[in-house]
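Peer 1: Could you have a look at this structure, given as structure tokens, before my questions?
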Amino acid sequence: MAHDDDDQYLYPVDIYDEERNLNNLIDSSATERSIYITARKTNYPDNQSLSSPRFYMEFCFLHRTRCSDIRHSADSDTNILSTWLEFHHPFDRFASVEGAKAVVARILSDEETIPYSVNGGDSRSSQSLLWTDLDASAALELFQHGFDDVVTRISEAAARIVSEAAAAGRKVVEMVITFDKRTVVPHDELQRLIAHYVEYRQDTELNRAIGQSFSESAGRFGSVPAAKSAVEALERFRYERSSARDEDDQSKCVICMEELTIGSHVTCLPCSHIFHGGCILEWLNDNHTCPLCRFKLPSQ
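Numbering (our numbering), first residue to last: -14 to 285.
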């Protein structure tokens, strides 16, 4: 995918189980819960060489929490979660709002992928769902019917964006949907959870440092980064073990050595080897060869 330099790391990554557990713990302790939702079209470059038009949807899930005790208001927000998920579909699935709703509802109902529930907004739920406009002067809109309202509003925006792109003769268009969850938690409970979170992050950073060291070692032996255009052109999809691309029944990402689970977001190199999207992106920042077969991509 093509993004501005500042956005080059906004690719799908696996959601850590521990991160999901922490999100659930904080959510269960929260005295206030709100999710602010925005949707916008991006300046994604067109690609007329594609055989069929593609609609890219990027979902950003954030979770920030703060203390409920005014005496500790200086603690400000603590960022708990920041996850990006990417999906792409042919234009015709968004030719109508009803068609778009079927796609959006399926994505937001997938508990294996979505880090937290986006239900709420009705009298039976303590979680508020609010639609926010990019225009700062616009008022927030509270969704009265929860999940159904969210799906409808996103689908209406998606169908409109695709319709305008098709009318303009474009082959590619992208939309970013952001879910910004904000919770308020009692001070003592928040401190306990944050201590747990810090310990988890330290362990995570250690694992990342080991992986980075491996990449840097490869770089010292003459490896150079893959060309940005080559990385942007790589095919991305959701993993299915029966995929024709997976002729050797590759079941692990050899970079992180984790299983390629059904439905996870993967990237395919021209040699047909597949990897977790985030893993291969980091690898190609330092190397221009396939980690498995040493197939060479164009280099910088």
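Glycine included, C-beta positions come from ideal geometry on N, C-alpha and C.
(1) Rounded to whole angstroms, what is the Cα-Cα separation between residue 74 and residue 172?
(2) Looking only at DSSP bridge pairs, what is residue 33 linked to?
(3) Tell me which same chain residues have a C-beta within less than 8 Å of the C-beta of residue 221, skipping the five on either side of it?
(4) Name the DSSP beta bridge partners of residue 125, please?
(5) What span of residues does the alpha helix (DSSP H) with residue 141 cover, start to end?
(6) Our contact map puts residue 31 next to residue 213 with C-beta atoms below 8 Å; I'd like the distance itself, whole angstroms only.
(7) Would you report the Cα separation of residue 269 and residue 283, rounded to the nearest angstrom?
(8) So which of 5, 6, 19 and 7 has the shortest CA-CA distance to residue 169?
(9) Tell me whether residue 161 is buried or exposed, calling it buried when 16 or more other Cβ atoms sit within 10 Å of its Cβ.
(10) By the 10 Å Cβ neighbour count, where 16 or more other Cβ atoms means buried, how is residue 109 classified, buried or exposed?
(11) On a Cα-Cα basis, can you pick out the residue from 174, 164 and 258 that is closest to residue 47?
(12) Given that a residue counts as buried once 16 or more other Cβ atoms are within 10 Å of its Cβ, and exposed if not, what is residue 288?
(13) Report all residues from its chain with a CB closer than 7 Å to the CB of residue 174; omit the five preceding and five following residues, and keep chain order.
(14) Are the beta-carbon atoms of residue 276 and residue 239 separated by less than 8 Å?
(15) Got a sec? Which residues, its chain only, sit under 6 Å from residue 16 by beta carbon, not counting five neighbours each side?
(16) Under three-state DSSP, which class holds residue 82?
(17) Straight-line CA distance for residue 39 to residue 7?
(18) Can you name the residues that DSSP bridges to residue 75?
(19) Residue 264 by DSSP, collapsed to three states: which one?
(20) Among 51, 24 and 49, which one has its Cα closest to the Cα of residue 41?
(21) Going by beta carbon distance, what residues of the same chain come within less than 7 Å of residue 139, once the five residues before and after it are set aside?
(22) Take residue 21 as the anchor and find which of 135, 258 and 43 has the nearest alpha-carbon.
(23) Under three-state DSSP, which class holds residue 103?
(24) Nearest to residue 83 by alpha carbon, out of 5, 133 and 11?
(25) Are the CB atoms of residue 143 and residue 76 within a distance shorter than 8 Å?
(26) So, under 8 Å CB-CB, residue 273 and residue 209 are touching, yes? Tell me the CB distance rounded to an integer number of Å.
Peer 2: Concretely, from the data shown:
(1) Near 44 Å, if we compare the C-alpha coordinates of residue 172 and residue 74.
(2) DSSP lists no partner for residue 33.
(3) Result list for residue 221: -14, -3, 71, 73, 250, 251, 252, 253 and 262, in chain order.
(4) Residue pairing of residue 125 in beta bridges, as defined by DSSP: absent, with no partner found.
(5) Residue 141 -> alpha helix (DSSP H) spans 132 to 152.
(6) The beta carbons of residue 31 and residue 213 sit about 17 Å from each other, so the pair does not count as a contact at 8 Å.
(7) Distance between the alpha carbons of residue 269 and residue 283 is about 11 Å.
(8) The shortest Cα separation from residue 169 among 5, 6, 19 and 7 belongs to 19.
(9) Counting Cβ neighbours within 10 Å, residue 161 comes out buried, since at least 16 surround it.
(10) Any reading at residue 109 needs caution, since the residue's pLDDT is 41, under 50, leaving its predicted position unreliable; the model's value is listed next. Residue 109 comes out exposed.
(11) Checked all of 174, 164 and 258; the closest Cα to residue 47 is 164.
(12) Beyond the ends of the chain as shown, which are -14 and 285, falls residue 288; an answer cannot be given.
(13) Only 14 meet the Cβ criterion.
(14) Yes, these two residues count as a Cβ contact at 8 Å.
(15) Cβ within range, chain order: 53 and 169.
(16) If DSSP states are grouped into helix, strand and coil, residue 82 belongs with the helices.
(17) Distance between the alpha carbons of residue 39 and residue 7: 35 Å.
(18) Answer is 39, bridged to residue 75.
(19) Annotated three-state conformation of residue 264 is helix, per DSSP.
(20) For the residues 51, 24 and 49, the minimum Cα distance to residue 41 belongs to 24.
(21) By the criterion of a C-beta distance shorter than 7 Å, residue 139 is surrounded in its chain by 24, 89 and 162, once the five residues flanking it on both sides are discounted.
(22) Closest option to residue 21, Cα to Cα, is 135.
(23) If DSSP states are grouped into helix, strand and coil, residue 103 belongs with coil.
(24) Residue 83 has its Cα closest to that of 133, out of 5, 133 and 11.
(25) Against a cut-off of 8 Å, the Cβ pair of residue 143 and residue 76 comes out as no contact.
(26) Distance from residue 273 to residue 209 at the Cβ level is roughly 6 Å; contact confirmed, criterion being Cβ atoms closer than 8 Å.
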